[in-house]
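Numbering (this note's numbering), first residue to last: 9 to 144.
Where is the CB? At the ideal position from N, CA and C, for every residue including glycine.
All values derive from a computational prediction rather than experimental measurement.
See below for the structure under consideration.
Right under this line is the structure:
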């Protein structure tokens, strides 16, 4: 009976050591690029009335300025990216990845403002999609 018990304990030890060699890894990442638009452009911008200096006071410096012959364009962009990753791998002997699951979500808010030659807002466009990101 001792020999059977010894073999079972030896087998369990081998299995336990083999399982310990496997690594389960999990990572969560968040990347935010640009500045969040704190104000609703529909409330702060009046076409034909709001000036460049007023835009700068409310929204701050733009991420990009494009010069044109009939007025400037201010571009504001805010990018949010959430990612999660789960991996099961054996890194020591075979360097084999047995399973990997990755989930990435990316959304962007964008505001583009067109000015006339006098620095008054001619038109603008706004898209807000970062609130659609799910938490995980």
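Beta-bridge pairing of residue i - partner residues as DSSP gives them
{"i": "residue 120", "result": "83, 133"}
{"i": "residue 33", "result": "95"}
{"i": "residue 38", "result": "90"}
{"i": "residue 112", "result": "91"}
{"i": "residue 104", "result": "98"}
{"i": "residue 74", "result": "81"}
Residue of the options minimising C-alpha distance to residue i
{"i": "residue 141", "options": "93, 98, 89", "result": "89"}
{"i": "residue 38", "options": "137, 76, 91, 130", "result": "91"}
{"i": "residue 138", "options": "23, 33, 46, 35", "result": "46"}
{"i": "residue 65", "options": "19, 52, 108, 101", "result": "52"}
{"i": "residue 36", "options": "123, 136, 110, 44", "result": "110"}
{"i": "residue 44", "options": "71, 77, 50", "result": "71"}
Integer-rounded CB distance, given that residue j should sit under 8 Å from residue i
{"i": "residue 96", "j": "residue 106", "result": "5 Å"}
{"i": "residue 125", "j": "residue 56", "result": "Not confirmed; about 13 Å, so no contact."}
Alpha-carbon to alpha-carbon, residue j and residue i
{"i": "residue 128", "j": "residue 59", "result": "4 Å"}
{"i": "residue 40", "j": "residue 67", "result": "17 Å"}
{"i": "residue 9", "j": "residue 112", "result": "With a pLDDT of only 46 at residue 9, under the threshold of 50, the placement of this residue in the model should not be trusted, and no figure is reported."}
{"i": "residue 143", "j": "residue 22", "result": "40 Å"}
{"i": "residue 131", "j": "residue 42", "result": "22 Å"}
{"i": "residue 69", "j": "residue 48", "result": "16 Å"}
{"i": "residue 101", "j": "residue 74", "result": "55 Å"}
{"i": "residue 149", "j": "residue 33", "result": "Any property of residue 149 remains undetermined from this structure, which presents the chain solely from 9 to 144."}
{"i": "residue 62", "j": "residue 123", "result": "12 Å"}
{"i": "residue 135", "j": "residue 103", "result": "44 Å"}
{"i": "residue 19", "j": "residue 93", "result": "33 Å"}
Okay, do the stretch 109 to 127 and the stretch 77 to 97 touch, 3+ Cβ pairs below 8 Å being the bar? yes
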